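The next block holds one structure in the form of C-alpha cells; read it before the comments.
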Amino acid sequence: MTPVTRDPGTATTPRADGATWRSITPGPAELDPRGYARRRGLVERGLAILAPVVLIGLWQLLASGGTLESNYFPAPTTIAASWGELIESGVYQESVVASVQRIVIGYLAGSLSAVVLGLLIGSVRLLRVALEPTIAALYTVPKLAILPLLLLIFGLGETSKILLVALTCFFVVLINTIDAVSGVSPRYGDVGRSSGASRWATLRHITLPAALPQTITGMRIASGLAVIVIVGAEFVAADAGLGFLVWNSWNLGVPEHMYVGIVSISVIGVIASMLLRGLEWLLTPWNR
Numbered sequence: 037m038t039p040v041t042r043d044p045g046t047a048t049t050p051r052a053d054g055a056t057w058r059s060i061t062p063g064p065a066e067l068d069p070r071g072y073a074r075r076r077g078l079v080e081r082g083l084a085i086l087a088p089v090v091l092i093g094l095w096q097l098l099a100s101g102g103t104l105e106s107n108y109f110p111a112p113t114t115i116a117a118s119w120g121e122l123i124e125s126g127v128y129q130e131s132v133v134a135s136v137q138r139i140v141i142g143y144l145a146g147s148l149s150a151v152v153l154g155l156l157i158g159s160v161r162l163l164r165v166a167l168e169p170t171i172a173a174l175y176t177v178p179k180l181a182i183l184p185l186l187l188l189i190f191g192l193g194e195t196s197k198i199l200l201v202a203l204t205c206f207f208v209v210l211i212n213t214i215d216a217v218s219g220v221s222p223r224y225g226d227v228g229r230s231s232g233a234s235r236w237a238t239l240r241h242i243t244l245p246a247a248l249p250q251t252i253t254g255m256r257i258a259s260g261l262a263v264i265v266i267v268g269a270e271f272v273a274a275d276a277g278l279g280f281l282v283w284n285s286w287n288l289g290v291p292e293h294m295y296v297g298i299v300s301i302s303v304i305g306v307i308a309s310m311l312l313r314g315l316e317w318l319l320t321p322w323n324r
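Have a look at this one:
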C-alpha cells in the first residue's frame, strides 16, 4: 500500500484522551492511480533499458582503452560492424531463419501436445498416480544427452533437432499442466456439475481457465530451454543456424561473429518470453 502524504501545515484536532489527530492529504497514488501507475511503469521500463546501455557503454570504454583483450572481448562497435557484414552476405538471415524455424516447430509440437495430455492426466487421478513417477524420471534426463540417439535414428537432418526441442518443451509444459490441473479446487467442479455441466464443459470452462496461468508459466520456461537446446544441437549437428554460427566463428577465430550469434540467441529468447507474456495477458484477463 502506498503511504499517503502528511501535510505538516494543517491544524491538529484534539482527541478525547488528550492526544491530537493530524490531518493528512492523499499522495499521488491516491489522487491519480492510473497516472501514477503509468509513470511508475515508464520509470521501470527506463531502468530496464538503462542497465544494458550502461553495460555496453562500459564495455566499449574498456575495449577502446585496451583494458579488455580484443581477441576475447571485441568492442561493441566492432561487433556491430561485423553484424552488418553478416547481414550483407546473407549468412545472418540464413542462420536466424534456420534456428527460429526449428525452435517454433519443435516448441509448438511439444507444448501443445503436453497441454492436451496434461489436462487429461491432471483430471484423472488414477492416470496421475500411475504416470507421474515415470514422467518425473524422464524429465530429469538431460535432453542434449539423447541427441546422439536421435541422430542415430533420424540422421543429421531437421527431424532430430526438431524432436530434441519438442521433447525438451514437452516435459516442462506437461509437468506444469498436470500440477495446475490437479491443484484446481474440487469445489469448482462440484459447482459446474451441480449446474448441469458435462465433464467436457467443466474441463473447458472451469478447469482449463483455472490452470492457464501456471500452464503458461511452464510454456515460458520451455521457450527458454528450447533456445538453449537448439543452440547445443547446432554446435554439433548442423551446417546452418545461430549455434553453428557461434561454433564456426570460434573455429575460425572470428570472435566478433561469435558475439553476433550470442546476442541474437539472447534476443530470440527475450522476444519469445515477451510473446508468451502477451499471450498470458490476453488469455487470463482475471489474472492481470
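For the sequence shown, the positions run 37 to 324 when the working numbering is used.
Using N, Cα and C, we set each Cβ at its ideal position, and we do this for glycine too.
No experiment lies behind these values; they were computed from the predicted model shown.
Below 9 Å between beta carbons: does that hold for L199 and F190? What you label residue 199 is simply residue 163 of the sequence shown in a count that begins at 1. What you label residue 190 is simply residue 154 of the sequence shown in a count that begins at 1. L199 places its beta carbon less than 9 Å from that of F190.
Where A99 sits in the DSSP three-state scheme: Residue 99 sits at position 63 when you count from the first residue of the sequence shown. A99: helix per DSSP, three-state reduction.
Output the distance between the C-alpha atoms of L185 and Y295, rounded to the nearest integer angstrom. As a working note, residue 185 is residue 149 in the sequence shown. As a working note, residue 295 is residue 259 in the sequence shown. Distance between the alpha carbons of L185 and Y295: 30 Å.
With three or more beta-carbon pairs closer than 8 Å as the criterion, would you say the region 223-242 touches the region 100-114? Verdict: no, contact absent.
Please say whether V201 and I157 have beta carbons closer to each other than 9 Å? Here residue 157 is taken as the residue at index 121 of the sequence shown, counted from 1. Here residue 201 is taken as the residue at index 165 of the sequence shown, counted from 1. With a cutoff of 9 Å on beta-carbon distance, I157 and V201 are scored as not near each other.
Check whether T27 and A262 have beta carbons under 9 Å apart: This structure leaves residue 27 out entirely; the chain is present only between 37 and 324.
Residues of its chain near A216, where Cβ-Cβ distance is below 6 Å and the 5 sequence neighbours each way are ignored: For the purposes of this step, residue 216 is taken as residue 180 along the sequence shown, with counting starting at 1. Within the same chain, Cβ atoms closer than 6 Å to the Cβ of A216 are found at A247, Q250 and T251, the five residues on either side in sequence being excluded.
Inter-residue spacing [alpha-carbon to alpha-carbon] between V152 and L311: For the purposes of this step, residue 152 is taken as residue 116 along the sequence shown, with counting starting at 1. For the purposes of this step, residue 311 is taken as residue 275 along the sequence shown, with counting starting at 1. If you take the alpha carbons of V152 and L311, they lie about 21 Å apart.
Which of the three DSSP states, helix, strand or coil, is assigned to T176? In the sequence shown, the residue the question calls residue 176 occupies position 140. Per DSSP, reduced to three states, the secondary structure at T176 is coil, with no helix or strand assignment.
Could you give the DSSP three-state label for A73: helix, strand or coil? The residue given as residue 73 occupies position 37 in the sequence shown. In the structure shown, the three-state DSSP call for A73 is helix.
Using the three-state DSSP reduction, which class does T320 fall into: helix, strand or coil? Position 284 of the sequence shown, counting from 1, holds the residue named residue 320. T320: coil per DSSP, three-state reduction.
Alpha carbon to alpha carbon, how far is H293 from V79? Here the question's residue 293 lines up with position 257 in the sequence shown. Here the question's residue 79 lines up with position 43 in the sequence shown. Their backbone Cα atoms lie some 34 Å apart in a straight line.
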